[in-house]
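What follows is a set of notes on a single structure, which appears directly below.
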Amino acid sequence: MQKEKAMADVFETLMEMSRGYEVASVLIAASELDLFTEILRVQYATVANLSLSLRADERGLSILTDALVSLGLLEKVDGCFQVPEEYRETLDSRSSSTLIPMLRHRGSCMKSWSQLAWTVKSGSPFPSTESIHGALDDYRAFVLGMHSIGLRMAGPLVEQMKANGFPGFKRMLDLGGASGTYTAAFLKSYANSEAIIFDLPVAIAEAKLRFATSDLAPRIAFVAGDFYQDSFPDDVDFIWVSAIIHQQSVCQTATMFGQAFAAMRRGGIIAVRDIFAQADRTGPVAATLFGVNMLSRTEQGRVYTFNEVRDLLERAGFCNAKFLTERSDMGSVIVAVKP
Ligand SMILES: C[S@@+](CC[C@H](N)C(=O)[O-])C[C@H]1O[C@@H](n2cnc3c(N)ncnc32)[C@H](O)[C@@H]1O
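Structure, rendered in structure tokens:
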């Protein structure tokens, strides 16, 4: 009897684990269609009206919206849909704290993850298919998705770094800084400082838009470039390498740290924010799964351990590598000093 119960539990566990894509697909499709925003925008959000304004199939919308109601992500009253109060700000793509770009980026990830067995066989990401918005807009969603999550994490993390002894800076380089979420948090926290955001042209365009009307704009230089090809802006005393090294091989990271060392003033600090694996690489779960994300999405990306990062920093010339914050998610920061 006990054996039968154990077998039933195993069955349920495996079935539950393999079903994760269902809820994710429903939420991501609604985000990609920008369905929540449309429902918030129109007066009578019936399937017929939504089908017209979104130019989407009625049967498709009807099944999708009912599934969203069953998941608690929509409400349905007399055939009209509403977004529950508590989800409105987060699921409205017009809001400054929207999560929609990140959910759309998750959709791009999901397509890659669904071909994981092929990736493991070949060693390379499965060729990605674009969303209904096209590849360029998918990249924009990735950049803005970094803002969606950074907005919630950056301020508290900078404060935590300060509380843990980060001494501040005069001129920082935000390497791969996307639309500048962390730059903003650092500049707000450290008066009389300035920053350079260095990223690919699409991201720099988004950064310029974000700061167009901001008081911080005069303290920021925007540099469009490729950190694998172009030299780094130099004469800085702080380099912020946030969610970057996981996309690259050990060799690329060694080169990046070497260039960072050359671009830095003596006494300057490099800070590497990322998710790190424990020494035997089998945990925490969030880190091992992030490793799978990098396997699915990049040619050479991986999660690093603290020891690997420390060794690479020391090889580049930095010293005193240590965790300034240590967590099981993307909120860990390793710092080191240029002597
Ligand atoms: C995962 S995002 C991290 C963004 C930001 N640092 C943060 O923590 O939110 C990686 C960033 O690196 C940028 N990036 C990737 N490859 C790059 C390259 N070759 N040169 C410059 N930037 C690059 C991407 O455009 C993106 O903004």
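When the count follows the working numbering, it moves up by one through the sequence shown with no breaks and lands on 1255 for the last residue. Beta carbons are placed, not taken as given, at the ideal position from N, Cα and C, and that holds for glycine.
Anticipated Cβ contact below 8 Å, residue i with residue j, distance rounded
i     : j     : result
Y1106 : A1070 : Not really, about 13 Å apart at Cβ, beyond 8 Å.
S1009 : T953  : 5 Å
S1044 : K1027 : 6 Å
T1241 : V1253 : So it is not a contact: roughly 17 Å between Cβ atoms.
F1138 : S1109 : That belief does not hold up - the Cβ atoms of F1138 and S1109 are roughly 16 Å apart, past 8 Å.
L943  : L1019 : 6 Å
I1155 : I1136 : I1155 to I1136, Cβ: 15 Å. No contact.
CA-to-CA distance, residue j to residue i, given in whole angstroms
i     : j     : result
R1126 : F1143 : 22 Å
T1221 : C1235 : 17 Å
H1063 : K1124 : 14 Å
S1011 : P1200 : 33 Å
L980  : V1208 : 29 Å
C1167 : D1146 : 17 Å
G1141 : D994  : 53 Å
F1102 : L1060 : 19 Å
P1134 : N1223 : 39 Å
P1255 : D1153 : 12 Å
A983  : T1204 : 31 Å
L1228 : G1081 : 23 Å
S1165 : C1025 : 20 Å
M1246 : E974  : 40 Å
T1129 : G1217 : 36 Å
T1214 : R1182 : 34 Å
W1029 : H1021 : 12 Å
P1072 : Q1194 : 24 Å
Q1175 : T929  : 48 Å
I1191 : T962  : 43 Å
I1161 : A1100 : 21 Å
R957  : L987  : 21 Å
L977  : L949  : 10 Å
L990  : L966  : 14 Å
A1187 : Q1076 : 13 Å
G1050 : S1158 : 27 Å
P1149 : G1096 : 16 Å
T1169 : K1104 : 29 Å
D1053 : S941  : 19 Å
R1243 : M917  : 42 Å
E938  : Q998  : 22 Å
T1171 : A1178 : 11 Å
R1197 : L1132 : 40 Å
F1239 : G1093 : 21 Å
P1083 : G1023 : 39 Å
M931  : A1237 : 44 Å
Q959  : C996  : 9 Å
R971  : E1046 : 19 Å
Burial state of residue i, where buried means 16 or more other Cβ atoms lie within 10 Å
i     : result
S969  : exposed
M1180 : buried
W1034 : exposed
I1185 : buried
E1122 : buried
G1066 : buried
F927  : exposed
A1057 : buried
G936  : exposed
P1017 : buried
S934  : exposed
A922  : exposed
A1119 : buried
S1212 : buried
V1219 : buried
D1151 : exposed
R1226 : buried
M1090 : Checking the sequence shown, residue 1090 turns out to be Asp, not Met. Classification for D1090: buried.
R1231 : exposed
A1079 : exposed
M1088 : buried
A924  : exposed
beta-carbon residue i near ligand 3 non-hydrogen atom, thresh 7 Å
i     : result
N1080 : By its list of ligands, the structure shown excludes ligand 3, since it contains just ligand 1.
Original post:
Mind pulling the alpha helix (DSSP H) runs of 4 or more residues that sit fully within the region 1014-1060?
Top reply: 1016-1029 and 1032-1038
Subject >> Those runs of the beta strand (DSSP E) which lie wholly inside the region 1165-1190 and span at least 3 residues >> reply: 1180-1190
Original post:
Where the beta carbon is closer than 5 Å to any heavy atom of ligand 1, which residues qualify, in chain order?
Top reply: M1062, G1066, G1092, A1094, D1115, L1116, A1119, D1142, F1143, Y1144, S1158 and A1159
**OP:** Scan the region 1088-1136 and note each continuous beta strand (DSSP E) run of 3 residues or more that stays entirely inside, going in chain order.
**Re:** 1110-1115
Original post:
Enumerated in chain order, which unbroken segments of the alpha helix (DSSP H) with a length of 4 residues or greater are wholly contained in the region 1193-1232?
Top reply: 1201-1213 and 1222-1232
**OP:** Let me know the alpha helix (DSSP H) ranges lying completely inside the region 918-954, each 4 residues or longer, listed in chain order.
**Re:** 918-933 and 936-949
Subject >> Minimum length 3: unbroken beta strand (DSSP E) runs contained in the region 950-1013 >> reply: 991-993 and 996-998
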